Amino acid sequence: MKFVVSTLWLTLLLSPPFLLPQTLVSRPYVIRAETTVFDTYTGMVHTCILVQPDGHYRRERTFQGMSGGTPYVDIYVDALPEDSFKRLQAILDNENFQKINTPPSRGGVIPNMDTFIVSVPREHSLQHMYFMTVNERRPYEKDLKPLMSWLKEVEKRKVPALKEKTSDNCAAPMVQFRTGLPPLEQEEKPQQQP
């Protein structure tokens, strides 16, 4: 029995870490989402949001005109109303929404750029969605629509912009996972009599 257990541990220790199950250590944020829309006549509008587990959020809106120059940035920091936060949680907990995972774009020139990028820390991995155009989102439209509607509601909230104009692009804290080894069955030892 000890030989089998030792062999199992040795195999697990020499296995690549990605083969071992991971568990989220803590949830530093609930969601990070960003959109970028490019218009050939006016310029580019980039928005992002980072929602924390306590309902506080940071939202940024950046406009870059076609003539170049310094981008115009508005930064908003606030707490979501309880009903809005619960609605967000329900959207993220939807089984079909949780199944969406798309690879990052390979770059290059993207005609009709209308990006939508989402990151959600899950129990065993980080859920990522990368959509560079509206057409890429079409197969997932039904499951993405509630989140996109929620984002528009948050954008409409009357929150004063911060005087600070230093953008961090809604930087998300690093998500840490613990790699877990399966528990070994302990041999039952006979209890000693006093």
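Heads up: the sequence shown begins at 12 in our numbering, then just goes up one per residue.
From the three backbone atoms N, C-alpha and C, an ideal C-beta is built for every residue, glycine too.
This one's a predicted model, so the numbers in the text were calculated from it and none came from an experiment.
Apart from sequence neighbours up to five positions away, the residues of its chain that approach Pro-64 with a beta-carbon distance below 8 Å are Arg-38, Pro-39, Tyr-40 and Val-41, ordered along the chain.
Per DSSP, reduced to three states, the secondary structure at Asp-179 is coil, with no helix or strand assignment.
Taking a 10 Å sphere around the C-beta of Pro-132, we find 16 or more other C-beta atoms and assign the residue as buried. Around the Cβ of Arg-117, a 10 Å sphere holds fewer than 16 other Cβ atoms; the residue is exposed. A direct Cα-to-Cα measurement between Leu-91 and Gln-138 gives close to 22 Å. The C-alpha of Thr-47 lies about 10 Å from the C-alpha of Gly-54.
For Ile-128 against Ala-44, the beta-carbon gap comes to about 7 Å, under 8 Å, which counts as contact. The C-beta of Glu-71 has 16 or more other C-beta atoms within 10 Å across all chains shown, which makes the residue buried. In terms of Cβ geometry, Ile-86 and Lys-176 form a close pair [threshold 8 Å]. Within the model, the alpha-carbon separation for Glu-134 versus Trp-161 is close to 23 Å.
According to DSSP, Leu-137 shares a beta bridge with Pro-132.
Less than 8 Å separates the beta-carbon of Leu-173 from that of Val-88. With fewer than 16 other Cβ atoms from the protein chains shown falling within 10 Å of its own Cβ, Tyr-83 counts as exposed. In the displayed model, Gln-63 falls within coil according to three-state DSSP, outside both helix and strand.
Beta-carbon to beta-carbon, Met-143 and Thr-126 are separated by about 5 Å, close enough to satisfy the 8 Å threshold. In the three-state reduction of the DSSP assignment, Val-145 falls in the helix class. In terms of Cα proximity to Asn-105, the closest of Lys-156, Cys-59 and Val-62 is Lys-156.
Our two residues, Arg-69 and Val-56, have alpha carbons roughly 17 Å apart in a direct line.
Inter-residue distance for Leu-61 and Ala-182 is about 7 Å (C-alpha atoms, whole angstroms).
Glu-93 and Leu-103 have their C-alpha atoms roughly 15 Å apart.
With respect to the C-alpha of Asp-50, the residue from Met-77, His-67, Cys-59 and Gly-66 having the closest C-alpha is Met-77.
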